[in-house]
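First comes the structure, then the notes that go with it.
Numbering (the working numbering), first residue to last: 8 to 89.
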């Protein structure tokens, strides 16, 4: 193990969750959701998720290069939280 670090883009996650809150508020005001309901907000949340993934992977690779790592090992957390 050369180095360890926890990457957590809290500000971006807060921005994404704010979009979800806006969608929930709008959904409460209507009985039947139409096709494409809040499509713009869903699109923005999806793009924020993509940005989080890109920035996290970029920071991970830069951190590994800065510490001279040859291999990057990630944990498989699938099914960890049920």
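For every residue, glycine included, the Cβ atom is placed at its ideal position computed from N, Cα and C.
In this structure, DSSP gives residue 48 a helical state, which the three-state scheme calls helix. One Cα belongs to residue 33, the other to residue 58, and the distance between them is close to 25 Å. Taken through DSSP and simplified to helix, strand or coil, residue 56 comes out as helix. Counting of Cβ neighbours within 10 angstroms places residue 23 among the buried residues, the total reaching 16 or more.
The Cβ atoms of residue 21 and residue 62 lie no closer than 9 Å to each other. Below 8 Å, enough C-beta pairs join the stretch 73-89 and the stretch 9-19 to call them touching: three or more. Classified as exposed, residue 31 has fewer than 16 neighbouring CB atoms from the shown chains inside 10 Å of its CB. Here residue 48 has 26, 29, 30 as same chain residues with Cβ atoms under 7 Å from its own Cβ, once five neighbours each way along the sequence are excluded.
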